[in-house]
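The structure appears right after this line, and notes come after that.
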């Protein structure tokens, strides 16, 4: 069984990009041509069904172009059990389409409870009553609870060849209030967290990267390079490219000379490309063509800075 | 609409105890007399159905004795969409039985995504296709992402008269690795978090307590009193009493002279009381009688230290 980091490196080299697509569906932002077909009314299952159709289309467009998708659980949990089922159905579909899948769940707990979350999220199951038996290839977690809040996730991920991304420095302005707190030793808290990630890391794949990664925002500028220095083998999951205003050049220190070591995620600027005047013409014909064009444009933009052999 | 903290204070005074029961069902620990009736096989819905029966029995026993139950989402998410449905069905049943409900979900995210989690968890909905439209009265969150990871939860909770508990100092040994880090100003990180809770707090109820509370472990000893000094109006949710070895007298600084200001949670030592030799006789007749006896014993133990008018 290949470890997550090796599968990711191979996929990045294959697709020649670290770009990944975030799937965060919001009812009010669904393409009008998709919404028009359905009257979701007061049915959570109807909304979930719409998200399934939306997500499957994104996956179909993304599969030949990028190594992975990041699916954000919150947007599905919002519609309760039908939403949770669709979240898992999309994971299964993305994996079947040859994409790696990051489940963006930001879970946190300790010991036995953390193990429940880890199994819930990461395990591939064989329930006869579920269509959604495939778990994602990696998930995001919040490590405020310390190593006994990380180890259960790491153990279950390692055993299954899957990956974990620990929140280190997030892309939001308020992240600084806690993550940039200066510690007694002079370092900001996020660098201590990066050190812990480095310490918790137990294995490294053929490509020299670990399956214990770090979430580092694209908007955090110079701190990204400092985190790379502290956690040298951790793959970075970098959200905030595109809609959140992160600069691409700020992400470059995350990558090695081969262009490996990070996933750069864009969500709204791709999945809602139908709203962008730039893509009006493909969107008028088919909203999925706007997604495809936006994806190609994002990929081209990254390719101007990161070269693959 | 009464705020969460007032509803809680009234319920604590009514039941004359700050004790609450944690519902964290694990298949392997279900009472044998309950398991014997079912062959769950490879069906996640069958396990979820078992948890529903187990949880409903706990709720029925607990309702006349305690102000609230804490239901841990992880143990239900473990069984995917059928589990998530049962989690919400138990919330509804507990509320109908007159109990307050804390959803122990430890969610974290920022901005729009945090709002999705907040709605998912806290909102009472009116979907025509769901039996599980009632949300819990309060939830736990992880604030490592800072104020823009807290405000969406707080806004949605405040509008609905519900509560939020921020993880401040958790009961696990590894919690110290991050939460007790000394900051440049000499304080440990958890006291900074307690200060933030105090600063984020926007309102206080008739009883003088805020609906923005703090999770503080029973095993953290003297730090609990320091957190109380920093976050004077925050209701404490104190897990770790009972099975996790927390000392009851360490919890006392959390409470005011009326016995208000905290919920003290016990889970395994109550819900799995059938395994305790002490309760062998009621358990042989009916596992629910062991739960009831354990609950009464926990309540008596607390009553020896905390008096209600």
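Protein chains in written order, with this note's numbering: chain V, 389 to 697; chain Z, 389 to 697. All C-beta atoms, glycine included, are put in the ideal place defined by N, C-alpha and C. Just so we're clear, the structure is a prediction, and the values are computed from it rather than from any experiment.
Residue i and residue j closer than 9 Å at C-beta
i, j, result
"residue 504 (chain Z)", "residue 416 (chain V)", "no"
"residue 584 (chain V)", "residue 571 (chain Z)", "no"
"residue 678 (chain Z)", "residue 407 (chain Z)", "no"
"residue 625 (chain V)", "residue 592 (chain V)", "no"
"residue 526 (chain V)", "residue 550 (chain V)", "yes"
"residue 537 (chain Z)", "residue 499 (chain Z)", "yes"
"residue 636 (chain Z)", "residue 682 (chain Z)", "no"
"residue 579 (chain Z)", "residue 577 (chain V)", "no"
"residue 393 (chain Z)", "residue 623 (chain Z)", "yes"
"residue 510 (chain V)", "residue 477 (chain V)", "no"
"residue 557 (chain Z)", "residue 581 (chain Z)", "yes"
"residue 435 (chain Z)", "residue 471 (chain Z)", "yes"
"residue 491 (chain V)", "residue 656 (chain V)", "no"
"residue 586 (chain V)", "residue 530 (chain Z)", "no"
"residue 601 (chain V)", "residue 553 (chain V)", "yes"
"residue 473 (chain V)", "residue 518 (chain V)", "yes"
"residue 446 (chain Z)", "residue 659 (chain Z)", "yes"
"residue 405 (chain Z)", "residue 690 (chain Z)", "yes"
"residue 419 (chain Z)", "residue 442 (chain Z)", "yes"
"residue 696 (chain Z)", "residue 647 (chain Z)", "yes"
"residue 573 (chain Z)", "residue 610 (chain Z)", "no"
"residue 508 (chain Z)", "residue 483 (chain Z)", "no"
"residue 496 (chain Z)", "residue 565 (chain V)", "no"
"residue 412 (chain Z)", "residue 463 (chain Z)", "yes"
"residue 692 (chain Z)", "residue 627 (chain Z)", "no"
"residue 539 (chain V)", "residue 485 (chain V)", "no"
Beta-bridge pairing of residue i - partner residues as DSSP gives them
i, result
"residue 488 (chain V)", "V:456"
"residue 651 (chain V)", "V:625"
"residue 535 (chain V)", "Partner(s): none; residue 535 (chain V) has no beta bridge."
"residue 600 (chain Z)", "Z:552"
"residue 405 (chain V)", "DSSP lists no partner for residue 405 (chain V)."
"residue 526 (chain Z)", "Z:490, Z:551"
"residue 571 (chain Z)", "V:571"
"residue 754 (chain V)", "Here chain V comprises residues numbered 389 to 697, so residue 754 (chain V) is not present and cannot be evaluated."
"residue 411 (chain V)", "V:459"
"residue 576 (chain Z)", "Z:570"
"residue 495 (chain Z)", "Z:529"
"residue 557 (chain Z)", "Z:604"
Integer Cβ distance of residue i from residue j, believed to fall under 8 Å
i, j, result
"residue 545 (chain Z)", "residue 599 (chain Z)", "7 Å"
"residue 396 (chain Z)", "residue 488 (chain Z)", "6 Å"
"residue 588 (chain V)", "residue 542 (chain V)", "6 Å"
"residue 680 (chain Z)", "residue 449 (chain Z)", "5 Å"
"residue 426 (chain V)", "residue 438 (chain V)", "6 Å"
"residue 618 (chain V)", "residue 641 (chain V)", "About 12 Å; that fails the 8 Å criterion."
"residue 468 (chain V)", "residue 520 (chain Z)", "6 Å"
Proximity test, residue i beta-carbon vs the ligand GDP heavy atom, cut-off 8 Å
i, result
"residue 581 (chain Z)", "The model depicted lacks the ligand GDP and carries no ligand whatsoever."
Members of the region 526-541 of chain V near chain Z, C-beta cut-off 9 Å: From the region 526-541 of chain V, only 530, 531, 532, 533, 534, 535, 536, 537, 538, 539 have a Cβ closer than 9 Å to chain Z.
Chain V contacts made by the region 431-452 of chain Z, where a contact means CB separation under 7 Å: Here the close residues are 431, 432, 433.
Three CB pairs or more closer than 8 Å across the region 422-432 of chain Z and the region 446-456 of chain Z: Contact fails: fewer than three Cβ-Cβ distances are below 8 Å.
Within 9 Å of chain Z by C-beta, residues of the region 571-603 of chain V in sequence order: Identification of residues in the region 571-603 of chain V having a C-beta nearer than 9 Å to some C-beta of chain Z yields 571, 572, 573, 574, 577, 580, 581, 584, given in sequence order.
Positions along the region 496-529 of chain Z whose CB lies within less than 7 Å of some CB in chain V: Correct list: 496, 497, 498, 499, 501, 504, 505, 507, 508, 514, 515, 516, 517, 518, 520.
Interface positions of the region 391-409 of chain Z facing chain V (Cβ-Cβ less than 9 Å), listed along the chain: Here the close residues number zero.
Residues in the region 452-463 of chain V having any Cβ partner in chain Z nearer than 7 Å: Going along the region 452-463 of chain V in chain order, one finds 460, 462, 463 with a Cβ nearer than 7 Å to chain Z.
Contact set between the region 609-628 of chain Z and chain V, restricted to residues whose Cβ is under 7 Å from the partner: Residues passing the 7 Å Cβ filter: none.
Chain V contacts from the region 553-565 of chain Z (Cβ-Cβ distance under 9 Å): Within the region 553-565 of chain Z, the residues whose Cβ lies closer than 9 Å to some Cβ of chain V are 555, 558, 559, 560, 561, 562, 563, 564, 565, listed in chain order.
Residues of the region 471-483 of chain Z with Cβ closer than 7 Å to any Cβ of chain V, in chain order: Here the close residues are 472, 473, 476.
Residues in the region 636-669 of chain V having any Cβ partner in chain Z nearer than 7 Å: Result list empty, no residue passes.
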